Amino acid sequence: MATSVKDLQDQIDEQQETIDEASAILDEAYTPEATRAELVAAVSQALDVLSGEEEEEEEEEDESQD
């Protein structure tokens with residue numbers, strides 16, 4: 000199956016957005032006054048974003064609201 004350059008660029012852009020979102024979550028939480036619980040929550044949220052679990056949860060919520 001051949002993939003066009005445009006398709007590959009779209010995939011790269013999507014992956015970069017995911018990485019940027021996870022980085023933003025971690026950057027926001029990384030402060031001297033952050034508690035251990037806040038840091039754990041941020042790491043957990045970033046891992047969900049990177050693994051795609053956040054998207055799955057949103058899709059499930061959308062389906063349950065219908």
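Following numbering that gives the first Met the number 0, the residues of the sequence shown are numbered contiguously, the last one being 65.
Glycine is no exception: its CB is placed at the ideal position from the N, C-alpha and C atoms.
These numbers were taken from a predicted model, which means no experiment stands behind them.
DSSP-derived helix/strand/coil call for residue 17:
helix
Measuring alpha carbon to alpha carbon, tell me which of 11, 44, 40 ends up nearest residue 20.
44
Rounded distance between the beta-carbons of residue 36 and residue 24, thought under 8 Å:
With a Cβ gap of about 15 Å, residue 24 and residue 36 do not count as contacting.
Just to confirm, are residue 49 and residue 2 a CB contact at a threshold of 8 Å?
No. Outside cutoff.
Compute the minimum distance between the beta carbon of residue 13 and the heavy atoms of the ligand FAD, and state whether it is under 7 Å.
By its list of ligands, the structure shown contains no ligand whatsoever, and the ligand FAD lies outside what it can speak to.
What would DSSP say about residue 3, mapped onto helix, strand or coil?
coil
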